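Novice: Okay, here's the structure, questions in a sec.
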Amino acid sequence: MNRIACLGICVAALAGCQSATVVGVEPNILPTGHRLQSPGQRLEMPGRPVDALLTEDGQTIVIKDDNAIRTVNPQSHTLLGSAALPGGASLFGIAQRPKTSEVWVTNAANAIQVFDIADRAKPVKIREIALPKSAKGQNSFPCGIAFAPDGTKVVVALSINNEVLCLNPATGAQLWKSPVGVAPFGVAIHKGLVVVSEQGGPKPTTGTKTAPSAGTETAVDSRGVAANGSVSLLNLDTGAVSAQFVTGLQPSEIAIDSAAGIAFVAETNNDSVRRIDLGSKRDLGSFSCKPDGKLPYGSMPNALCYSPSEKRLYVANAGNNAVAVFDMTKNPRLLGQIPTDWYPSALIKQQGNLFILNNKGIGARPVGGVKKPAYNSHEKNGTLIKVALNDKDLPAYTKLSAELTKQSKILSEIQRASASGVAPVPVPKKLGEPSLIKHVIYVIKENRTYDQCFGNIPEGNGEASLNSFTDAHIPNHRALARQFVLLDNYYCNGVLSADGHSWATEGNLTPYLNRAFGGFNRSYTFGDDPITYSQSGFIWDGVLAAGLSFRNYGEMDYATPVPNMSGKEIFTKYFAGERLTFSQNIGIANLKNYSCPTYPGWNMNIPDQLRMDRFLEEFRKFESDGELPNFITLYLPEDHTGGPVTPAAHMADNDLAVGRLVEAVSHSRFWKDTVIFVNEDDPQAGTDHVDGHRSICLVISPYTRGKGTVSEFYNQNSVLKTINRIFAIAPMNQNDGAANLMDACFNLKPDIAPYAAITPSQKLDEYNSAESLGQTAWAYWKKVQAIDLTRREVQTDREMDILSRYVWHAQMGEKPYPSEWTGAHGRGLSKLGLKLGLGGGVDRDD
């Protein structure tokens, strides 16, 4: 029986919801701008669940989340118990050993954790099976796992090893090990065949353009995005590979139609499902999973469930927050969509009920409305929804799903208008109409919330008690917000830098990365994993395809001083006037071709003043030549904090760099037709009284001066959409297609008065010490030093908590850390038109 097989007799017309009206669940608006309003019963749980199974007896659902397994009674739809998952969760993989109470779960490190669930309320870990490391000594990062029907064999996909391993379940002994394609993900067994989905495609041949993913060279296209995926068929007894099929991008979960001998494979990054005839070993091609074929990329099917009695395939479209229902009697026919919570990641069908596991659930909010000591953007609340299926409801569900994901808006956004006879404006109303703006500078920074920076500005919706950085530290940010436009209803979509930079540059997050919060063992991506990237590519890809010019400064670069030296040495040498050299490491070859070689990217030991010096060196040449690139990405990461100087010094350094940028541009010949967007990659290192995702965004242009406070709902996708609209480039994907255009930030008439940078009163070279920080912050600083910030960011909840408390106490002294405000918890949303529904009649719009 398949691990999430549709058990029992499927009855199409059972009593259920009589319409698409939600049972016990009110609408939610997410930081992405989408609403949640799923039918059925919602069960909330801590964590980010990635996979689930229904036990053979049909009495228990076992869920795998980022750090635990959880048991659920499917009849009462209640949580029964849980047990910690040592090593964190891998992207995917849970299976029941046939005819036993054992559940085998792959972890994010190098082991299978075996649990006994004989007592459903008290699952117990009983065994750990260590797995072979890769040839380079890396942990194998096991993913999909499946048992032979008779229970004598278990096969496991070893993602980093690029192998499939077969074990004797009784002894744990290796029976065989077989090399397959890059990054194997899912495994399924059918009549002596092992079906394997490989997210990085076949091993590349000589002469193929490649980039490394977790140490393995992977075929990529001209943009640096993984070129294909693949599916292999192996002999269950020997491991011999009998066939390999090239597929669409990121093939993931596999479902089997046992009677017909057909394997269905979700092509997650291709918005499609592939069919493979296992008897004849023929590729039958793929079919689209989009709710409307005219929509751009972004549905992202990542979980499947086949119902043999109905001949229906249920497809979890993570990007649409919906389950697509397909009739597979003849050719695939889309019957409709069922709305879900955020990022559906696993499906189980039991008789007339569909259970939908949602990785992000209701977002970073308190489970069941119950207060906890702290909430931050790392707070993880997944959900399991139980929907009673009834074909009469499907049309209403489908209509609701289209409304929730703004399908009609997206379709209208991709319609190109004629530019003939249309007067140019800063931000055109329709795609294809002319803009007065010819140059966009897109600044990406690190980790701040609105209240942290602007909380005591009276013109906006702020909480003064949470304002950590003031005019002494960030006078330019605050002056620019006042002089141009103050956005107090702006949100980041992501949680940390691994997903934050994807949202900031791609406007999307693939399930490959979204599932990785149990452990970023394959990559904590910053332009160094081609499997991570969305099919639609990056914001600069569209700019280049439109024939426009582009220059990158630091984004997705790991910078290392040459020769190597400490952060204090770098700061000291820089402020002494020495010229420093840095090596550049950009994993996306196409981006490297357009990058300034002397501008250093990520490294918290490098002052932003140095970065701005390097940018201005080229900018002066642009001025002299009279040519400025149409699009510029500019990375200024020092507001992350954690380097050799105090948080206040880091922030002042970052602030002065922004001020110098605006001063230089506003005094140049390019000012009259330039806009500067200043954006955070994520908001994880701060606190906010509205929501932990609320962040800062500056929009600086002669056309934005004096706009005052704008409280329209905007997010990172809004920035990308506005940039593309200025350049007459169609939406990249469904997310930026659905986003709000930032035209409310602009005037029709420009005010070309230049801006004068303000020098912060805070010293830029104030080094960390017990005296400069205070005793509590100094204690946290010692813990921060144990975090390697030379290779990208904080990666765990514990690291983030340490850094957040270090910054708070460095700024606020011994004032108690405001754990009750930390992160996304939903307070104050109603004032901004955002309603938080938690189910069960709980009203938290306070």
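Under the working numbering, the final residue of the sequence shown carries the number 895; numbering is consecutive throughout. Where is the CB? At the ideal position from N, CA and C, for every residue including glycine. All values reported here derive from a predicted model rather than from experimental measurement.
1. Look up Arg323 in the DSSP assignment and give the residues it is bridged to.
2. Is Asp306 buried or exposed, if buried means 16 or more other CB atoms sit within 10 Å of its CB?
3. For Arg772, which option in Thr255, Gly556, Ser291 and Ser821 has the closest C-alpha, if you only look at C-alpha atoms?
4. Could you give the residue range of the beta strand (DSSP E) that holds Pro345?
5. Which full runs of the beta strand (DSSP E) of 3+ residues lie inside the region 732-759, going along the chain?
6. Asp442 by DSSP, collapsed to three states: which one?
7. Smallest Cα separation from Ile175: which of Asn188, Leu134, Gly288 and Gly193?
8. Going by DSSP, which residues form a beta bridge with Cys215?
9. Can you check the region 376-413 for any beta strand (DSSP E) of at least 3 residues that lies completely inside it and give the ranges in chain order?
10. What does the alpha-carbon distance come out to for the pair Leu63 and His83?
11. Among Ser517, Pro233, Arg465 and Phe575, which one has its Cα closest to the Cα of His699?
12. Measuring straight from C-alpha to C-alpha, what distance separates Ser279 and Phe294?
13. How is the alpha helix (DSSP H) around Tyr561 delimited, first residue to last?
14. In chain order, what residues of the same chain have a beta carbon less than 6 Å from the beta carbon of Leu659, not counting five sequence neighbours either side?
15. Give a yes or no on contact between the region 675-683 and the region 485-493, applying the rule of three or more CB pairs nearer than 8 Å.
16. Per the DSSP calculation, Trp153 is bridged to which residue(s)?
17. Can you name the residues that DSSP bridges to Phe620?
18. Figure out for me which residue from Leu362, Pro345 and Thr723 has the closest Cα to the Cα of Ala304.
19. With DSSP run on the structure shown, which of helix, strand or coil describes Thr554?
20. If you draw a straight line from the alpha carbon of Gly823 to that of Pro649, how long is it in whole angstroms?
21. For Asp662, which three-state DSSP category applies?
22. Which residues in the same chain as Phe587 place their Cβ atom closer than 6 Å to its Cβ, once the five residues preceding and following it in sequence are excluded?
23. Grab me the residues of Asn210's own chain with a C-beta within less than 6 Å of its C-beta, minus the 5 sequence neighbours each way, in chain order.
24. Any idea which residues DSSP pairs His239 with across the strands?
25. Measure the C-alpha to C-alpha separation of Asn617 and Cys502 and round it to an integer number of angstroms.
26. Which residue from Thr104, Asn159, Asn77 and Thr81 puts its Cα closest to that of Gly567?
27. For Cys192, which of helix, strand or coil comes out of DSSP?
28. For Tyr582, which of Gln187, Pro524, Val274 and Ile194 has the nearest alpha-carbon?
29. Check each candidate in Asn538, Phe569, Asp731 and Asp606 and name the one with the smallest Cα separation from Ala157.
30. Asn904 lies in the beta strand (DSSP E); which residues open and close that run?
31. Could you check whether Asp704 and His522 sit closer than 8 Å to each other, using their CB atoms as the reference points?
32. Using three-state DSSP, classify Asp284 as helix, strand or coil.
33. From the DSSP output, in three-state form, read off Glu848 for me.
34. Please state if the CB of Val724 and the CB of Ser750 are separated by a distance shorter than 8 Å.
35. Can Pro388 and Ala371 be called in contact, C-beta distance under 8 Å?
36. For the alpha helix (DSSP H) that contains Phe503, what are its first and last residues?
Specialist: The answer reads as follows:
1. Position 274 of the sequence shown, counting from 1, holds the residue named residue 323. Arg323 pairs with Val314 and Ser335.
2. Looking up residue 306 in the sequence shown gives position 257. Burial call: buried.
3. Locating residue 772 in the sequence shown gives position 723, counting from the first residue. In the sequence as presented, Arg is not what sits at residue 772; that position holds Ile. Closest option to Ile772, Cα to Cα, is Gly556.
4. Along the sequence shown, one-based indexing puts residue 345 at 296. Counting along the chain, Pro345 falls outside any beta strand (DSSP E), and DSSP gives it neither H nor E.
5. 746-749 and 757-759
6. One-based indexing of the sequence shown puts residue 442 at position 393. Residue state, collapsed to three classes: helix.
7. Start at 1 with the first residue of the sequence shown, and residue 175 comes out as number 126. For the residues Asn188, Leu134, Gly288 and Gly193, the minimum Cα distance to Ile175 belongs to Leu134.
8. Working through the sequence shown from its first residue, we reach residue 215 at position 166. Val204 and Trp225.
9. 382-388, 391-399 and 402-410
10. For the purposes of this step, residue 63 is taken as the residue at position 14 of the sequence shown. For the purposes of this step, residue 83 is taken as the residue at position 34 of the sequence shown. Confidence is the limiting factor: at Leu63 the pLDDT is only 24, short of 50, which leaves the residue's position unreliable and the question unanswerable from this model.
11. Taking the first residue of the sequence shown as 1, we reach residue 699 at position 650. Closest option to His699, Cα to Cα, is Ser517.
12. Taking the first residue of the sequence shown as position 1, residue 279 is located at position 230. Taking the first residue of the sequence shown as position 1, residue 294 is located at position 245. Answer to the nearest angstrom: the Cα atoms are 5 Å apart.
13. The residue you call residue 561 lines up with position 512 of the sequence shown. Element bounds for Tyr561: Pro560 to Asn563.
14. Working through the sequence shown from its first residue, we reach residue 659 at position 610. Result list for Leu659: Tyr623, in chain order.
15. yes
16. What you label residue 153 is simply residue 104 of the sequence shown in a count that begins at 1. Trp153 pairs with Ala144 and Val163.
17. Locating residue 620 in the sequence shown gives position 571, counting from the first residue. For Phe620, which the question treats as bridged, DSSP gives no partner whatsoever.
18. Translated into positions along the sequence shown, residue 304 becomes position 255. The shortest C-alpha separation from Ala304 is found at Leu362.
19. Indexing the sequence shown from 1 puts residue 554 at position 505. Thr554 falls in the helix class under three-state DSSP.
20. By one-based count along the sequence shown, residue 823 stands at place 774. By one-based count along the sequence shown, residue 649 stands at place 600. Using only the alpha carbons, I get a separation of about 31 Å.
21. Working through the sequence shown from its first residue, we reach residue 662 at position 613. Here Asp662 sits in helix by DSSP.
22. Within the sequence shown, the letter at position 538 stands for residue 587. For Phe587, where only same-chain residues beyond five positions count, the Cβ hits under 6 Å are Thr554 and Glu555.
23. As a first step, residue 210 is located in the sequence shown; it is residue number 161 there, counting from the start. Cβ within range, chain order: Ser183 and Ser189.
24. Locating residue 239 in the sequence shown gives position 190, where the first residue counts as 1. The partner list for His239 (beta bridge, DSSP) reads Leu242.
25. Here residue 617 refers to the residue found at position 568 of the sequence shown. Here residue 502 refers to the residue found at position 453 of the sequence shown. The question names Asn, yet the displayed sequence has Lys at residue 617. Going by the C-alpha atoms only, they are around 26 Å apart.
26. Walking along the sequence shown from the start, residue 567 turns up at place 518. Residue Asn159 is the option with its Cα nearest to Gly567.
27. What you label residue 192 is simply residue 143 of the sequence shown in a count that begins at 1. Strand.
28. Counted from its first residue, the sequence shown places residue 582 at position 533. Answer by Cα proximity: Val274.
29. The residue labelled residue 157 in the question sits at position 108 within the sequence shown. Checked all of Asn538, Phe569, Asp731 and Asp606; the closest Cα to Ala157 is Phe569.
30. Residue 904 is absent from the structure shown; the chain starts at 50 and stops at 895.
31. For the purposes of this step, residue 522 is identified with residue 473 of the sequence shown, where counting begins at 1. For the purposes of this step, residue 704 is identified with residue 655 of the sequence shown, where counting begins at 1. Their beta carbons are under 8 Å apart, which means His522 touches Asp704 by this criterion.
32. The residue given as residue 284 occupies position 235 in the sequence shown. Position check: residue 284 holds Asn in this sequence, whereas Asp was assumed. Correct three-state label for Asn284: strand.
33. The residue you call residue 848 lines up with position 799 of the sequence shown. In the structure shown, Glu848 sits in a helix (DSSP, three-state: H, G or I).
34. Taking the first residue of the sequence shown as 1, we reach residue 750 at position 701. Taking the first residue of the sequence shown as 1, we reach residue 724 at position 675. A contact, by the Cβ cut-off of 8 Å.
35. Sequence index remark: in the sequence shown, residue 388 carries index 339 (1-based). Sequence index remark: in the sequence shown, residue 371 carries index 322 (1-based). Yes, these two residues count as a Cβ contact at 8 Å.
36. Start at 1 with the first residue of the sequence shown, and residue 503 comes out as number 454. Phe503 -> alpha helix (DSSP H) spans Tyr499 to Phe503.
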